[in-house]
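Chains A and B supply the protein sequences, listed in that same order. Heads up: the first sequence at position 138 corresponds to 138 in this note's numbering, and the numbers run straight through without jumps. Here this note's numbering runs 1000 ahead of the position in the second sequence, where the first position is 1. We put the beta carbon where it would ideally sit given N, CA and C, even for glycine. From a predicted model like this one, the values you see are computed outputs, not experimental measurements. Data first, discussion second: the structure below is written as structure tokens.
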Amino acid sequence: MDSELRELYQQVILDHNKSPRNFRIIEHPSHTSEGYNPLCGDTIHLYLTIEDGIVKDISFQGSGCAISKASASLMSSMIKGKTLEETKNIFDKFQEMITGKMNEEADIESLGKLAVLAGVKEFPSRVKCASLAWHTLINAIENKKEAVSTE
Amino acid sequence: MKSNLTTKTNEKIFNIEKIRNDFPILNQLVHNKPLCYLDNAATTQKPQVVIDTINDFYSTTNSNIHRGVHYLSERSTQAYENTRTIVKDFINAKSEKEIIFTSGTTASINLVAQTFGRKFFTVGDEVIITNMEHHSNIVPWQILCEEKKAKLKVLPINDKGELQIERLNNLITDKTKLISVVHVSNSLGTINPINEIIKIAHQNNVPVLLDAAQSIQHIDIDVQKLDCDFLAFSGHKIYGPTGIGILYGKENLLEEMPPFMGGGDMISKVTFEETTFNELPFKFEAGTSNIAGAIGLGTAIEYVSKIGLKNIHQYESELLSAATQKISDIDGIKIIGTAKEKTSVLSFIIENIHPHDIGTFLDFEGVAIRTGHHCTQPVMDFFKIPATSRASFAFYNTLDEIEQLTIALKKTIEVLT
């Protein structure tokens, strides 16, 4: 496989695509939101249980490409147990990383496992795939009624 | 990639190496692999003669048309109007008055919706489209229906991606003002039975608009024989430039329709009290149009005509059947769109792999395909899928490239499943 392509489709991403974490429905979520990527037909339904400003549980359903599915899976693993403030902080950093605005290696490493998605910045048409779950997350937290669309 | 494919039937015409040399863009590496351009339904590549025509126009002739009395303006006008004649002859229209330059198929359909529609539709009237229309033949009618409180009716398709033509007669009522139908589906490749559709429509006195965006480059079209009332197509799908297209309309209909846009060139006389509109076809060509694009389109049509659409269609059918065979043999692949009559479009899905991932993997093998809903979301909804991968072939493609596609697909499946 070409090295740039391998950078995008790292083993961790392929793994999360095949067996996504937290891929289920929460029966009585405190927060929920839907996201669409009209360009490629990706959809995500996000479920959250937020108590005392902490994300106690998070799960998702939907269909999408490997990048969008892995991104949602990695996000759910990363966010579970975090405070809302920490969550928004991670969101900002993640956005910086995938849009190529984060240049320090240390900053990227601070994102832990999410760093595997850094390769997306070389594929402008795929940035939306990686960010769909995250925009949907912010929408859910802020209790916005309308669904997220990346267009 | 060296390719010596010549078809048995078209040996003289289909010297593929010579044809490929006409298209400079094809000779390049993408991600260090030979470019294998299979996104021809999105846009076709341009032969050197078209590129030269545009270059030559701007280098020697550029000037505004229908306005100046000077030498360049005369020459520019002549070249532009000469293209109108080329288009007229190509689709066998009765007169140049029936050939209107637009920016493309979308603009042509919107023109009809906003002029024919605005004039002839009233509350409760109906327009019939089909389940396999491109969004550009859905949305303009929705806008019209919203404005006029009219109704949009849809002719359904079957599992093969063919129209349920037997249901057309029942859809037509005395309120039906127009049938607007795609000749060839961009996402399925289906060639629709337009002779029959037009016959049924005309028995009910309903005019027909034919969206020829995906047929003009594959199938011989004779508007008089077909007896369609309107025909729309884009230059860039027939090896010409982007930003230029054609609306054909029967003269009596065009005469009755009000202008689309107001401006220069579409008037005879303007005072602040009153304006008299110019005659056909200029009535519908407000503002300075894409002159270089039009002239480039003329050259593209001449290029295609020289090879001959019958030869092109035959060769492309051979490519399609070879590709269909190869792709069907791969485990986990399902072809979407299996109509009996098809142009060289191959839409498919692979179990558990999203088309977007396929598109990126193929790109790294040099293979350019389109992935997504292809601006036909109702088709995707019908097949209950979010998207497909689509390979679409042109007469400059080869059997070697089909092999390249097949190998690339197998590699993709290996990594992603």
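- DSSP places K1094(B) in the coil class of the three-state scheme, outside both helix and strand.
- Secondary structure note for D1381(B): it is in no beta strand (DSSP E), and the uninterrupted alpha helix (DSSP H) holding it is 1377-1383.
- Distances from the CA of T1276(B) to each of P1355(B), F1284(B), I1267(B) were compared; the closest alpha carbon is that of I1267(B).
- Secondary-structure assignment with DSSP links F1121(B) through no beta bridge to anything.
- Between the alpha carbons of L1038(B) and D1220(B) lies a gap of roughly 22 Å.
- N1186(B) sits away from A1150(B), with the two beta carbons spaced by 8 Å or more.
- Close partners of A1387(B) in chain A (Cβ separation under 8 Å): C40, G41.
- Nearest C-alpha to H1356(B) among L1247(B), L1416(B), M1261(B): L1416(B).
- Using a CB distance below 9 Å, the part of the region 101-128 of chain A facing chain B consists of F123, S125, R126, ordered along the chain.
- Not a single CB atom of chain B sits nearer than 8 Å to the CB of D15(A).
- At the C-beta level, H1236(B) and T1085(B) stay beyond 8 Å of one another.
- Distance check between F1120(B) and each of N1352(B), P1140(B), L1253(B), A1042(B) places L1253(B) closest, using alpha-carbon atoms only.
- Classified as buried, L1163(B) has 16 or more neighbouring CB atoms from the shown chains inside 10 Å of its CB.
- Listed as beta-bridge partners of G62(A) by DSSP are I44(A).
- Distance from C1036(B) to A1394(B) at the Cβ level is roughly 12 Å; contact not present, criterion being Cβ atoms closer than 8 Å.
- Chain B has a Cβ within less than 8 Å of the Cβ of S63(A).
- At least 8 Å separates the CB of D92(A) from every CB of chain B.
- Distances from the alpha-carbon of E1401(B) to those of I1099(B), I1100(B), L1026(B) put L1026(B) closest.
- Between P1140(B) and L1178(B), the CB-CB gap reaches or exceeds 8 Å.
- Within 9 Å of the CB of L132(A), no CB atom of chain B is found; the nearest one sits about 12 Å away.
- Taken in chain order, the complete alpha helix (DSSP H) segments of 4 residues or longer contained in the region 1276-1337 of chain B are 1291-1307, 1309-1328.
- For a cut-off of 8 Å, the C-beta gap from N22(A) to S63(A) is around 16 Å, too long to register as a contact.
- Straight-line spacing of the CA atoms in Q61(A) and H31(A) works out to 14 Å.
- Proximity of L1320(B) to chain A, defined by a Cβ-Cβ separation below 8 Å, is not satisfied.
- Short of 6 Å from the beta carbon of C1375(B), and not among the five residues preceding or following it, lie these beta carbons of its own chain, in chain order: H1134, H1135.
- Here DSSP, grouped into helix, strand and coil, assigns C1036(B) to strand.
- Within chain B, no residue has its CB atom less than 8 Å from the CB of L46(A), the nearest being about 18 Å off.
- Within chain A, the residues G41 have their CB atoms less than 8 Å from the CB of M1380(B), given in chain order.
- Contact between H135(A) and G35(A) holds, since their C-beta atoms are separated by about 6 Å, short of 8 Å.
- In chain order, M1, D2, E4, L5 make up the part of chain A whose C-beta sits under 8 Å from the C-beta of F1364(B).
- At least one beta carbon of chain B lies nearer than 8 Å to the beta carbon of A66(A).
- Comparing C-alpha distances from I1301(B) to each of L1362(B), P1281(B), I1238(B) shows the shortest one belongs to I1238(B).
- Only residues of its own chain outside the window of five on either side were considered, and among them M97, M102, A115, A118 have a CB closer than 8 Å to the CB of I108(A), listed in chain order.
- Straight across, the Cα-Cα distance linking T99(A) with S3(A) is about 20 Å.
- When the alpha-carbon of T1190(B) is set against those of L1320(B), I1350(B), Q1114(B), the nearest one is in L1320(B).
- Taking 8 Å as the cut-off, the Cβ atoms of T1061(B) and L1072(B) count as close.
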